[in-house]
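Residue numbers (the working numbering), protein chains in the order written: chain H, 1 to 892; chain Y, 1001 to 1540.
The following block contains the structure:
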């Protein structure tokens, strides 16, 4: 999977979110808001998984807690912990919009400002004369203020600069200069708060500043005032909330003044100045410290709470008497300023410290209580708790116990993070149950919960079934080699092609830049053929939100940054002429939406496949899909397609068949197949009958203490499982082999290249015919370099994969580099000796500094600086090619 | 005029935010009070550190007391007794386990079908299954050489299970399994090459090579070590290696007692097509010499020269032979009693050795130890019970052969695993005079008498809802078991033909017998009523 270009995040991954209590200001009774804090994660972990872990939590506010272990050492403090809190603070300010005349009639300046501190960005575009519809265009370069960034081809993001201002307050503004001669009819913008990712619009739409004729008599209020009149500001309180009252609809709406008259240049433009109130919620860091000391005489616990939260802070608390977390009331007496709340909890007002900003309170707790539980209440609508749960302060009668507690704390943390991936559903169940406990609609909820869980269970069972029943029970190498060897190796199957394929990855991460990649590659087709390649993998051809093509939008629009559909057709034709099969890069996991739903979520598709949100998986909260839960991992930057929907599969099959016929693609490279069940891939392959197909199943290798494990069986098993799920109808990139080559070459651990059975340690050792080996691709290398092959050792990598079974893939960047002649020799050794995807490897040496193998008794090879020469036996060996730290021999 | 904010993610979150409001706002405190009441202490802490409430996925299919008529009528009788015991394990809290594939761990110590197992575990968890059973094979864990253990694969399975929040019952298997092609350790079978008498042997000299003969239990056949010592070391090493799981994830182990882990002679090889009941397995060198000594000691040296000469072969009709015929068979003779007592006694001693080995090894960890009692139900409806006799259970129309066995379990505080509680009499072929139901009843009676806990297992994947009916009958009747392990996960388990009925079965088990209106969730005081009812059921 390719990384997502940052600008895309504008639409798709504004995940750092704040909760806004005001959201509910308009609902009749605002339910109390709880803010949550989390403990600081123990470790970042592998980035992908931690990302997934965090995603669901991002729904709530977070804070972190640091356990003050030092405090434990003190003689009488049995517990001390500081929890940090994020408190929402509402800040009011204003957005100003000013249109002023520049040095002459033709030059004007639009100044947009904001009085609130923050990283503000103006996201804007223009409309030209003759533009129809609501699309934006990019303004001419001279209009763009310094620091502006182009967002795709229709918008500009310009940062607001801090300016010293009126009454010494800091003010943020951006100035856009423009000339009335350049055919612009309007400037559209929204304001974006980069910190929170919030977008500030005007009445749910873009701000629009019309630049052409104002018709004073059309009742539009904006134009009515002449000169630089100061506008009276908006009515009432405006805030950054979604649920807004749509009162006085048309009176002040200056956006509605789009001119219907033909635009007239040089019509009199009048300056104006407007202010719009803006309310933003920001989070302020506060903390609460809880310490428990034990009175040596009475053995009672004294619990002390101190917080720097401003205002009146009420501790809403109870105690636990046994191991459960049931709230109970303690024995009287209670601390001062304490009220009993519905006989279920106590509410104690913390006392403000003299002259300080802190509030504190102390609580004497009897022996025999196991815990003190509480939440903090700031006002009716604002509660603070600990990560969605009550603060739970374990009480103990001895210090030893306390240690256990802190241990169990950390144990819980680990457990939590490790189990979190399974718990999405379970959490939901829990939510539902909470609802059940709290609402009358309990029974229906139970039913719904059961339904959704049963569905999930069914899906899991189906997955388990598909794996268990698969013909090849496990990958012990005996079975494979027997089964594979017996097959006639010329038979063409989509998992292997002819078995003698050598693949060229025909692009890199920059290929879209020229805009004419198809044409450029056209020139190279003959050369690639003469180098010995039989298959070329072309970049994703569809219209895409990211220029590289991995964020497809309209699947039937094949005009991309790589060229037009006609250029693509002619390129495919050219490759066929020179005898090269062409793989299309099919991105089936996700698709970018065309439209927002009624909630403003991008999950409605357009174009020929105008799916709605039923085509989107339900378990990525960012896209509010109404489909089923994903059958694989989620790719978080775009709506993930729900392949379990019949209509989706039908459409995708049709599309693949269309690509085969219309473009002439011979097969597929399938992007991010981790995202959905391999069984669906089988469905697609069966329908589109490709000559060759390969899936990208890329996940992390196994590491222990930062060091890659020698045994990567689990990793390759996952890839094999996927191939299995496709029924072997597709190969998969051998990520395992690449990973092991990294360690072997980089750290002189060539011994890693033999597994415990003396076989190659990657997928190629277990299911060679389905292993598509590679050392680099557009993601791992190129200009992204997510996981770059050890520099300078690429040829050793190629000496390995081009002599070994599996289907080797050579990366474009390497083909057109100094390595070309060496690569060419290796490929010709492979071709000449008819090494194929099922060739037999005999590992001769796997030591610290050298690995050597004999393949099909026809080719011998070694990589690494160590010594190896093949023994002359029945065969005589002659050196076929060599380079830095590698040698290849042929039997003669 | 107003400014509104739109950010896709914000909008996204609104729905969720709402939910949280409700959850936290409305029930944060009430749930701590009310909700705790319906959760029995047993389940609290299942989600330690995740939520202030305890929630087991069981509540999906709310687990409700079976306030059946029997329970109520017996309440008066039992309540007194019950109040004294108050065990937390109660019948209507039946624990439900599912067996993992026999080949969950390969001979190279990797997990087979890891993804399928992961998905399967998740499905089971969601379904409300309590745990899984994992067979650990001698031939895998101690494959390389004696004393060289490799638990890697099994540890990873245990980890998976732990992560999924399921319990684990481990079966330590000292036998080989043809079905999943797990052999005995090679170093064992090598010894078997040179000393074939370490295996059970029948009259025709055929060796049963899937487990060691009980006659070598105390013979130093492994470079001076006896099998019992080797088993013991295996258990010790297992205990140490899995210490972090003991009592938390691992709740129980069962120790392999013989063929298929069951306490019996391998008299009866699956699959048996004939009408035979098996063969006596007393013909290895050591058995014979022991028989000889025993006969001499009892003053009938001639009886010790061989096994019963007129016993049927496995191909003959069981009751056709002189030894086992219904009326006037030599089994009823003095010699018959001599031989059968000895034969069955050997088995009971073997069971005692292994169970005491296991119970002493695991005495310092909080897990239950179990052993498997065979269900030799063929020919049960005859007077001589040929199948049981040849399997080593001296159970006839005149004699209860299970008392002695169960007594050994009781002495070692072990639980008994009963396979085949899915078997119904009516499904058995008429000609074999089989009655699994009556046999089960007899064994359970003995178990109750000695107060040992029973775990049930099914004999095979149930193809039809009727099989599940039978299981349910066994689980919910008077002879209710404490734990039921469904055997076992795999392709047919998850197949569309089977899995839906399994799901229905689990839901059925977990579902209230009362009308949903009477759900305890609603009643504040229901929590108090729970333990009482539980106790009734358990004491019944």
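Heads up, the beta-carbon is just placed ideally off N, CA and C, and yes, glycines get one too.
Just so we're clear, the structure is a prediction, and the values are computed from it rather than from any experiment.
Can you tell me which of the three DSSP states residue i falls into?
| i | result |
| --- | --- |
| residue 868(H) | coil |
| residue 618(H) | coil |
| residue 1065(Y) | Residue placement at residue 1065(Y) cannot be trusted, given a pLDDT of 32 that sits under 50; the coordinates are not used to answer. |
| residue 1509(Y) | helix |
| residue 645(H) | coil |
| residue 460(H) | helix |
| residue 688(H) | helix |
| residue 82(H) | strand |
| residue 1301(Y) | helix |
| residue 1399(Y) | strand |
| residue 1246(Y) | strand |
| residue 650(H) | helix |
| residue 543(H) | coil |
| residue 890(H) | strand |
| residue 322(H) | coil |
I'd like the list of long-range same chain contacts for residue i, defined as Cβ closer than 6 Å, with 5 residues on each side in sequence excluded.
| i | result |
| --- | --- |
| residue 193(H) | 118 |
| residue 1428(Y) | 1434 |
| residue 608(H) | 556 |
| residue 678(H) | 722, 725, 726 |
| residue 840(H) | 856 |
| residue 749(H) | 743 |
| residue 626(H) | 613, 614 |
Can you have a look at residue i and say buried or exposed, based on whether 16 or more other CB atoms are within 10 angstroms of its CB?
| i | result |
| --- | --- |
| residue 726(H) | buried |
| residue 156(H) | buried |
| residue 1327(Y) | exposed |
| residue 872(H) | exposed |
| residue 1072(Y) | With a pLDDT of 37 at residue 1072(Y), under the threshold of 50, the modelled position of this residue cannot be trusted, and the question is left open. |
| residue 1484(Y) | buried |
| residue 1204(Y) | exposed |
| residue 816(H) | exposed |
| residue 333(H) | exposed |
So, under 8 Å CB-CB, residue i and residue j are touching, yes? Tell me the CB distance rounded to an integer number of Å.
| i | j | result |
| --- | --- | --- |
| residue 188(H) | residue 125(H) | 5 Å |
| residue 95(H) | residue 278(H) | 5 Å |
| residue 752(H) | residue 710(H) | 6 Å |
| residue 1259(Y) | residue 1175(Y) | 6 Å |
Give a single yes or no on whether residue i has its beta carbon closer than 6 Å to a heavy atom of the ligand SAH.
| i | result |
| --- | --- |
| residue 501(H) | This structure lacks the ligand SAH, and indeed carries no ligand of any kind. |
CB-CB under 7 Å to residue i, same chain, minus the five flanking residues each way: which ones, in chain order?
| i | result |
| --- | --- |
| residue 1413(Y) | 1359 |
| residue 467(H) | 721, 724, 725 |
| residue 1353(Y) | 1217, 1228 |
Can you list, in chain order, the residues of its chain whose CB lies under 8 Å from that of residue i, leaving out five sequence neighbours each side?
| i | result |
| --- | --- |
| residue 186(H) | 126, 127, 208, 209, 210, 211, 212, 258 |
| residue 1475(Y) | 1094, 1421, 1456, 1481, 1484, 1509 |
| residue 866(H) | 750, 845, 847, 848, 849, 850 |
| residue 1117(Y) | 1100, 1101, 1104, 1111, 1157, 1160, 1489 |
Have a look at the DSSP bridge pairing and note the partners of residue i.
| i | result |
| --- | --- |
| residue 280(H) | 91(H) |
| residue 894(H) | In the structure as shown, chain H starts at 1 and stops at 892, and residue 894(H) therefore has no counterpart that could be examined. |
| residue 304(H) | 291(H), 362(H) |
| residue 391(H) | 374(H) |
| residue 1133(Y) | 1099(Y), 1169(Y) |
| residue 1282(Y) | Bridge partners of residue 1282(Y): none, in fact. |
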